[in-house]
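J.:
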Amino acid sequence: MARPHARVATPTMVSRRARRIPAGVWLGVLPAIFLLVFFAWPVLAILERGLTGAGGSLDPLGVLRILAEPEVWGIAGFTIGQALASTVLTLLAGLPVAWLLARVDLPGRFLLRIAVTVPFVLPTVVVGILFRVILAPQGPLGFLGLDGTVWAILIAHVFFNIAVIARTVGSVWSTLDRRAEQAARTLGATPWQAWRTVTLPALRPAILSASAIVFLFCATSFGVVLVLGGSRYRTLETEIYLQTVQAFDLRAAAALSILQMLTIGAAILIATLARRRRLGDGPSALAAGQQSRPRGRQWVPVGLVLGVVAALLVAPPLLLAWTSVRRGGSFTLEGYRLLLGGGQHEAWAAMLMSLRTATDAAVLATVLGVLAAVAITAARGRWAIAGEAALLAPLGISAVTVGFGLLITLGQLPGDLRSSPLVIPIAQALIAIPLVVRVLLPALRAVDPRLREGARVLGAAPLRVWASIDLPLAWRSLAVAAGFAFIVSLGEFGATSFLARAGEPTLPVLIGRLISRPGAESYSVAMAGAVALLALTAAVIAVVEIVRVGEIGEF
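Just add 6 to the spot in the sequence shown (first one is 1) and you have the numbering used here.
#1: Kindly indicate which three-state DSSP category residue 456 falls into: helix, strand or coil?
#2: Give the secondary structure of residue 484 by DSSP, where H, G and I count as helix, E and B as strand, and everything else as coil.
#3: At a cut of 8 Å, does the segment 120-133 reach the segment 161-176 through at least three beta carbon pairs?
#4: By alpha-carbon positions, which one of 535, 515 and 94 ends up nearest to residue 344?
#5: Could you tell me the distance, in whole angstroms, from the CA atom of residue 525 to the CA atom of residue 321?
#6: Indicate, with yes or no, if the ligand PLP has a heavy atom lying under 8 Å from the CB of residue 64.
#7: Should the segment 499-506 be regarded as contacting the segment 226-240, the criterion being three or more beta carbon pairs within less than 8 Å?
#8: Relative to the C-alpha of residue 479, which residue among 494, 489 and 447 is closest?
#9: Would you call the segment 259-278 in contact with the segment 190-205, where contact means no fewer than 3 C-beta pairs closer than 8 Å?
#10: For the segment 450-463 against the segment 185-194, are there 3 or more C-beta pairs whose distance is under 8 Å?
#11: Under 8 Å by Cβ, that's how I've got residue 495 and residue 363 pegged, so tell me the actual separation to the nearest angstrom.
#12: What span of residues does the alpha helix (DSSP H) with residue 189 cover, start to end?
#13: Between 512, 537 and 481, which has its C-alpha nearest residue 550's C-alpha?
#14: How big is the Cα-Cα spacing for residue 303 and residue 117?
#15: Kindly provide the ranges of any alpha helix (DSSP H) runs that are 4 or more residues long and lie completely inside the segment 103-175, ordered along the chain.
#16: Is it the case that the Cβ atoms of residue 376 and residue 484 are separated by a distance below 9 Å?
#17: Given residue 532, which residues of its chain have a CB within under 6 Å of its CB, disregarding the five upstream and five downstream residues?
#18: Determine the burial state of residue 547: buried for a count of at least 16 other Cβ atoms within 10 Å of its Cβ, exposed for fewer.
#19: Taking only the alpha-carbon atoms, compute the straight-line gap between residue 408 and residue 251 and give it to the nearest angstrom.
#20: Within 8 Å, do at least three Cβ pairs link the segment 380-389 to the segment 28-42?
#21: Just the Cα atoms here: how many angstroms apart are residue 145 and residue 130?
#22: What is the DSSP secondary structure of residue 510, counted as helix, strand or coil?
#23: Should residue 56 and residue 253 be called a contact, given that it needs their Cβ atoms to be closer than 9 Å?
#24: Please tell me whether residue 432 and residue 412 are closer than 9 Å, where the distance is taken between their beta carbons.
#25: Enumerated in chain order, which unbroken segments of the beta strand (DSSP E) with a length of 3 residues or greater are wholly contained in the segment 340-374?
#26: Could you give the C-beta distance for residue 267 and residue 512, rounded to a whole number, given that I count them as a contact under 8 Å?
#27: Just the C-alpha distance for residue 540 and residue 414, rounded to the nearest angstrom, thanks.
#28: Apart from the five residues on each side of it in sequence, which residues of its chain come closer than 7 Å, Cβ to Cβ, to residue 372?
#29: How should residue 88 be labelled, buried or exposed, when 16 other C-beta atoms within 10 angstroms of its C-beta is the threshold for buried?
In structure tokens:
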């Protein structure tokens, strides 16, 4: 019996297969190359150096010996424990705020959204300094005795991450049809029973996704733990920094990085899968009018939630601002005079450096984030999930590992980018791109595919389709994404603290250095710089809230 001839792929068949791939997917090639060159390669390079033994050959058993040390397991246990505790506390504090944003029509709701969002985009070193000031024995809350305890770290993490729960879950909550909950109430269910049996199951994917992201941020927290924990409380992130910069023990840093990647990889997978389950559809047609003004006894829970927001989110920045103008029990603006001294103090140059690098990073992150979001929207199934997970990966790797890896690998590229002013914007863009994508994806997925198909039938090219259909419908989300990219880059501290030159620090890096210097002048400038970053962040968030529309998007 003759064997059948194998089918040989002809050029025509190959071209047909290529056409099966949506044109938008190819836009993801440039972001993929960026991640490979400036993220994957540096991380692999630092791991390869750490895994290499004294003879120049790979020695994975050496890493296992390091990981088997009791001290390492103690650090890993504290990292996971404090991240879990911070996540639970953030969830308990954030869900009532999510309800307030989603269901209650309040006057001044615009200001509420700003108050909730500003802490999330503050530089981590500013958050650390903020709670170090107010919890110090001589500070406004010194009587609580929390200074130097793990509770200072946990409270700071709740302050920093509450927006992730409130705005991510709130954006989904606002699109749910209230008639299902009202029907449960009609059948005799109490408000708690209706929420537990109807609303909570619908919110579960959003809660799981947001909680995984909070865990990721708390497990990789650098500035907060470094400032508040000192040498007493160490996480994998701070230990990687100490082993790399101070001890210069790359093998130990590599071993800790591997352990951290395994831990954070699980959180990224959970966040991506849970998020994929709930972002397939746009907002419900019944979302409009879901908010109502509180009446009578309804003001009691509203007042309690507003009290939590005021105490946890509004009071700490105000106390920091008050501390910045006090010295020795008297009023002074010396710190601000030195900060804005027009070149008379290093803080002025650091502030200009921060604005320049943040602008460059925002442009880079927005362009690459748009390309990646369009590619993920055009992709289907596993490819879309893989794309989202790949973009979240930079958030799960130690910023110090990435920074040190960039210094190792960039020298092998043409032009030696290590001395280029672009090295810091590149590192900052790695952190901002995932946020840009998370803001843009819901807006792009909410666009009716029939509009795109109609434009293609009429002969429009893919670029023309995007410019005429997607861009007009998603331009507000694009502006919001660019704003978030700018303020996140402005406050990036981990990788920047490693890459910044001694004479050209950004303002967050300089604040971190000043706070550890002796002298009242350094302290005053550090406080003024922290308040300046806080004010600039609040201003950008206010513009973002004016531009954004509805509840489309993660933030």
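We put the CB at the ideal spot given by N, CA and C, even for glycine. Predicted model, so just to flag it, every value in this text is computed and none were measured.
T.: Taking the geometry as given:
#1: As a position in the sequence shown, residue 456 is number 450, starting the count at 1. Residue 456: helix per DSSP, three-state reduction.
#2: Counting from one through the sequence shown, the residue named residue 484 turns up at place 478. Three-state DSSP puts residue 484 in a helix.
#3: Here the segment 120-133 lies against the segment 161-176, with 3 or more beta-carbon pairs under 8 Å apart.
#4: Here residue 344 is taken as the residue at index 338 of the sequence shown, counted from 1. Comparing alpha-carbon positions, the option among 535, 515 and 94 lying closest to residue 344 turns out to be 535.
#5: As a first step, residue 525 must be located in the sequence shown, where it is residue number 519. As a first step, residue 321 must be located in the sequence shown, where it is residue number 315. When rounded, the distance between both Cα atoms is 27 Å.
#6: The ligand PLP is not part of the structure shown, which contains no ligands of any sort.
#7: These segments touch.
#8: On the sequence shown, residue 479 is found 473 positions in, with the first residue counted as 1. Answer by Cα proximity: 447.
#9: Below 8 Å, too few C-beta pairs join the segment 259-278 and the segment 190-205 to call them touching: fewer than three.
#10: No, the segment 450-463 is not in contact with the segment 185-194.
#11: Taking the first residue of the sequence shown as position 1, residue 495 is located at position 489. Taking the first residue of the sequence shown as position 1, residue 363 is located at position 357. That belief holds up - the Cβ atoms of residue 495 and residue 363 are roughly 7 Å apart, short of 8 Å.
#12: For the purposes of this step, residue 189 is identified with residue 183 of the sequence shown, where counting begins at 1. That run of the alpha helix (DSSP H) goes 184-192.
#13: Along the sequence shown, read from residue 1 onward, the residue named residue 550 stands at position 544. Cα-wise, what sits closest to residue 550 is 481.
#14: As a first step, residue 303 must be located in the sequence shown, where it is residue number 297. As a first step, residue 117 must be located in the sequence shown, where it is residue number 111. Using only the alpha carbons, I get a separation of about 24 Å.
#15: Taking only runs of at least 4 residues, the alpha helix (DSSP H) segments lying wholly in the segment 103-175 are 115-127 and 130-141.
#16: Against the sequence shown, residue 376 aligns to sequence position 370. Against the sequence shown, residue 484 aligns to sequence position 478. Judged by their CB atoms, residue 376 and residue 484 are nearer to each other than the 9 Å cut-off.
#17: Along the sequence shown, read from residue 1 onward, the residue named residue 532 stands at position 526. For residue 532, the CB contacts under 6 Å within the same chain, skipping 5 residues up- and downstream, are 517, 520 and 521 in chain order.
#18: Within the sequence shown, residue 547 is the residue found at index 541, counting from 1. Answer is buried; the Cβ neighbour count reaches 16.
#19: Position 402 of the sequence shown holds residue 408. Position 245 of the sequence shown holds residue 251. One C-alpha to the other measures close to 13 Å.
#20: Yes, since at least three Cβ pairs between the segment 28-42 and the segment 380-389 fall closer than 8 Å, the two stretches touch.
#21: As a first step, residue 145 must be located in the sequence shown, where it is residue number 139. As a first step, residue 130 must be located in the sequence shown, where it is residue number 124. Rounded to the nearest whole angstrom, the C-alpha separation of residue 145 and residue 130 is 20 Å.
#22: On the sequence shown, residue 510 is found 504 positions in, with the first residue counted as 1. It is a strand residue.
#23: Translated into the one-based positions of the sequence shown, residue 56 becomes position 50. Translated into the one-based positions of the sequence shown, residue 253 becomes position 247. Here residue 56 is not near residue 253, since their CB atoms are 9 Å or more apart.
#24: Residue mapping note: residue 432 aligns to position 426 of the sequence shown, counting from 1. Residue mapping note: residue 412 aligns to position 406 of the sequence shown, counting from 1. Yes, Cβ-Cβ distance for residue 432 and residue 412 is below 9 Å.
#25: You should have found no qualifying run.
#26: For the purposes of this step, residue 267 is identified with residue 261 of the sequence shown, where counting begins at 1. For the purposes of this step, residue 512 is identified with residue 506 of the sequence shown, where counting begins at 1. Incorrect: roughly 27 Å between the Cβ atoms, too far for contact.
#27: Here residue 540 refers to the residue found at position 534 of the sequence shown. Here residue 414 refers to the residue found at position 408 of the sequence shown. Roughly 34 Å between the two C-alpha positions.
#28: Residue 372 sits at position 366 when you count from the first residue of the sequence shown. So the qualifying residues of the chain are 442, 487, 488 and 491.
#29: The sequence position of residue 88 within the sequence shown is 82, counting from 1. The residue in question, residue 88, is buried, as its Cβ has 16 or more Cβ neighbours within 10 Å.
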